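2 protein chains.
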Amino acid sequence: MKKIAVILADGFEDLEALTPVDLFRRCENVLCTTVAVNNINAVSSHGVTVMADTTVYNVNFNNFDAIILPGGMPGATNIASCSLVMKAVENFLNSGKLVGAICASPAVVLANNGLIDGKSATCYPAPAFIDMMKVCVYTASDVEVCDNLITANGPKSAFKFALELCKYLDINPKF
Amino acid sequence: MKKIAVILADGFEDLEALTPVDLFRRCENVLCTTVAVNNINAVSSHGVTVMADTTVYNVNFNNFDAIILPGGMPGATNIASCSLVMKAVENFLNSGKLVGAICASPAVVLANNGLIDGKSATCYPAPAFIDMMKVCVYTASDVEVCDNLITANGPKSAFKFALELCKYLDINPKF
Chain G
1 MKKIAVILAD GFEDLEALTP VDLFRRCENV LCTTVAVNNI NAVSSHGVTV
51 MADTTVYNVN FNNFDAIILP GGMPGATNIA SCSLVMKAVE NFLNSGKLVG
101 AICASPAVVL ANNGLIDGKS ATCYPAPAFI DMMKVCVYTA SDVEVCDNLI
151 TANGPKSAFK FALELCKYLD INPKF
Chain B
1001 MKKIAVILAD GFEDLEALTP VDLFRRCENV LCTTVAVNNI NAVSSHGVTV
1051 MADTTVYNVN FNNFDAIILP GGMPGATNIA SCSLVMKAVE NFLNSGKLVG
1101 AICASPAVVL ANNGLIDGKS ATCYPAPAFI DMMKVCVYTA SDVEVCDNLI
1151 TANGPKSAFK FALELCKYLD INPKF
């Protein structure tokens, strides 16, 4: 059983969060849990209210095999402000567990907080985000796999990102 | 201002519903409203609870320019059981307003209820659905445009479907 946490902070980008959830839940032997950072009813960057399965205060991240960080603003900023998620992400990166991040999150959550120095990664190509990526090797690709870090550049790549996460975890979504 | 209703019945396929919503809300001069058929808190086919903007009992479909019917099961069956949506869809098809349907919905909601006889359309390629499509010209394509009817074949085509809906409505999502 692969256990995956998808983080839902207020301002999350709808497709970047819910495409991985959709694909994970099409796989056998996967438990995908949406984890709210702010309120259990998380509001997306496009005004869609999604009731998360649980909150950061009610999970033990050690029990998960992967953490997924959707983008969207201020979703990424809200993730970066949550010490419980940030500590878990740091532990995951250091212990070889998968961290997936897309759009604003590779820059705002990871690079800007010194978590991916020297890694190859991509993000949404806004100048402010690319500037944050100076600590790593910014590849500008749609999806980038670097050891246990998978990054992607935005909502247009959400499906490709989710497929790459499934491939890394050796799980197969059925359509 | 283009006004678009996206129908959320319990069992709706997550990406087929929320990809159009995401893209519509990236456009200027568009009001996209999610309309619940069963409960205001609609539960997707993958267990994601989404709070709809309103319900079928609180909207006048005459005020909309387009109706979008996500697939998913039993989402499509639940749409077909809602006389308020079915009446609106019939009116839209007859009056030249856009109807978009994807996955199970072209078959279960439209073809199976005699609403698209003779039209070119596609749907999710399950034998039971293809059988329902005998009344129309089943094309097996990812996305099919036939006058004011746009159909698509499933979640993998949700993004392409949403882009085609935007093109038809002459609106431009910004990424």
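Each protein sequence line maps, in turn, to chains G and B. For what it's worth, the numbering used here labels the leading residue of the first sequence as 1, then goes sequentially. For what it's worth, the numbering used here labels the leading residue of the second sequence as 1001, then goes sequentially. For every residue, glycine included, the Cβ atom is placed at its ideal position computed from N, Cα and C. Fair warning: this is a prediction, and the values are worked out from it, not measured in the lab.
- With a minimum length of 4 residues, the unbroken runs of alpha helix (DSSP H) contained wholly in the stretch 1040-1092 of chain B fall at 1075-1080.
- Its Cα nearest to that of Gly1011 of chain B, the residue B:Pro1070 stands out among B:Asn1063, B:Pro1070, B:Asn1060 and B:Thr1055.
- DSSP, read as helix, strand or coil, puts Val37 of chain G in coil.
- Counting C-beta pairs with one atom in each stretch, the stretch 152-166 of chain G and the stretch 107-114 of chain G have fewer than three that are closer than 8 Å, which means they do not touch.
- Using a Cβ-Cβ cut-off of 8 Å, Gly1011 of chain B does not count as an interface residue toward chain G, since no Cβ of chain G sits closer than that to its own.
- At a cut-off of 8 Å, the C-beta of Met132 of chain G has no neighbouring C-beta in chain B.
- Of the residues G:Ala17, G:Phe64 and G:Cys27, the one whose Cα lies closest to the Cα of Ala52 of chain G is G:Ala17.
- Here the stretch 1073-1082 of chain B makes contact with the stretch 1100-1107 of chain B; the two share three or more CB pairs at distances below 8 Å.
- With respect to Glu1090 of chain B, Ala1121 of chain B sits apart: the two C-beta atoms are not nearer than 8 Å.
- Residue burial is scored here from C-beta neighbours: Thr1151 of chain B has at least 16 other C-beta atoms within 10 angstroms and is therefore classed as buried.
- Remark: C-beta atoms of Leu149 of chain G and Val99 of chain G approach each other more closely than 8 Å.
- Under the DSSP assignment, Leu1018 of chain B falls in the alpha helix (DSSP H) whose first and last residues are Asp1014 to Phe1024.
- Relative to Phe64 of chain G, the option among G:Glu28, G:Val137, G:Ile4 and G:Thr54 whose CA is nearest is G:Ile4.
- Annotation: the continuous alpha helix (DSSP H) that includes Leu1169 of chain B extends over Ala1158 to Leu1169.
- When the Cα atoms are used, Leu8 of chain G and Thr34 of chain G turn out to be separated by approximately 6 Å.
- Contacts between Asp1142 of chain B and chain G, judged by CB atoms closer than 7 Å, are missing: the closest CB pair is about 12 Å apart.
- Closest in C-alpha terms to Lys119 of chain G, from the list G:Asn94, G:Ala128 and G:Pro127, comes G:Asn94.
- For the alpha helix (DSSP H) assignment, the uninterrupted runs of no fewer than 4 residues enclosed by the stretch 100-144 of chain G are, from N- to C-terminal side, 127-132.
- If the five residues before and after Ser44 of chain G are omitted, its C-beta is found closer than 6 Å to the C-beta atoms of Phe12 and Asp14, all from its own chain and listed in chain order.
- When CB distances to chain B are screened at a threshold of 9 Å, the residues of the stretch 155-171 of chain G falling below it are Pro155, Lys156, Ala158 and Phe159, in chain order.
- Residues of chain G with a Cβ closer than 9 Å to the Cβ of Gly1118 of chain B do not exist; the shortest Cβ-Cβ separation is about 29 Å.
- Here the alpha carbons of Val21 of chain G and Cys136 of chain G stand approximately 28 Å from one another.
- Put simply, the CB of Asn1041 of chain B is near chain G, with a gap under 8 Å to one of its CB atoms.
- Chain-ordered listing is empty here: chain B has no CB closer than 7 Å to the CB of Met73 of chain G, the nearest sitting near 13 Å.
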